[in-house]
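Beneath this line is the structure, given in structure tokens, with notes to follow.
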Amino acid sequence: MSQATETIMAPKFAPSDMELYLLRDELAETHEPRNIQERQLVTAIAQNWLRYQDALRVEQELMSSPELRQILLTRLDLFKAVTRHATDCERAWRHCVTRLEIMKRRRPKTLASPEARRSWNRLEGKLPPDKPLQSVYTSVMQATPAQLNSIRKHQRE
């Protein structure tokens with residue numbers, strides 16, 4: 026392996042913990058994690074983003090190397106390893122982002138959520154019930170006298 030290739034493969038710097046924490050905090054402000062799993066995913070997104078940026082830097086240095094032709098002819102495995110690493114880092118980053126977006130969509134709806142502010146809620150002047158009401162009967166013909174009285178009472182209200 027030539028000295029230029031060894032220089033490309035050796036990391037010039039490792040991302041500092043401070044860089045990771047600053048990126049994580051910025052992502053936390055954007056995504057607003059609400060539980061431990063979401064916080065873990067935000068940290069994983071930051072870590073994978075830094076890994077991806079480092080992999081892209083190494084790949085770019087390899088591509089701009091004056092010995093690229095020689096590397097492709099004699100060290101194709103090195104070229105494939107560098108490009109595969111960059112692809113794997115990007116895939117890991119995208120996977121974490123996707124998982125966080127899925128978790129955010131599955132969050133319980135709150136009064137501040139768009140779902141709670143739908144027009145049908147404003148028209149009726151009340152919020153949707155926490156749980157759907159259980160059906161008491163299947164038809165009026167099968168209703169008991171007590172159920173009929175309850176139906177009449179609700180119709181008057």
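In the working numbering, the protein residues as written are 26 to 182. We treat Cβ as the ideally placed atom computed from N, Cα and C, and that holds for glycine. Note that this is a predicted model, so its numbers are computed, not measured.
Apart from sequence neighbours up to five positions away, the residues of its chain that approach residue 73 with a beta-carbon distance below 7 Å are 114, 117, 118, 121, ordered along the chain. With contacts defined by Cβ atoms closer than 9 Å, residue 75 and residue 45 form a contacting pair. Ranked by how close their Cα comes to the Cα of residue 131, the residues 62, 43, 105 have 62 in first place. In its own chain, leaving out the 5 sequence neighbours on each side, no residue places its CB closer than 6 Å to the CB of residue 47. DSSP places residue 91 in no alpha helix (DSSP H); its state is neither H nor E. One alpha carbon belongs to residue 64, the other to residue 43, and they sit about 17 Å apart.
DSSP places residue 112 in the helix class (H, G or I) of the three-state scheme. Rounded to the nearest angstrom, the gap between the Cα atoms of residue 82 and residue 92 is 17 Å. Inter-residue distance for residue 108 and residue 55 is about 30 Å (C-alpha atoms, whole angstroms).
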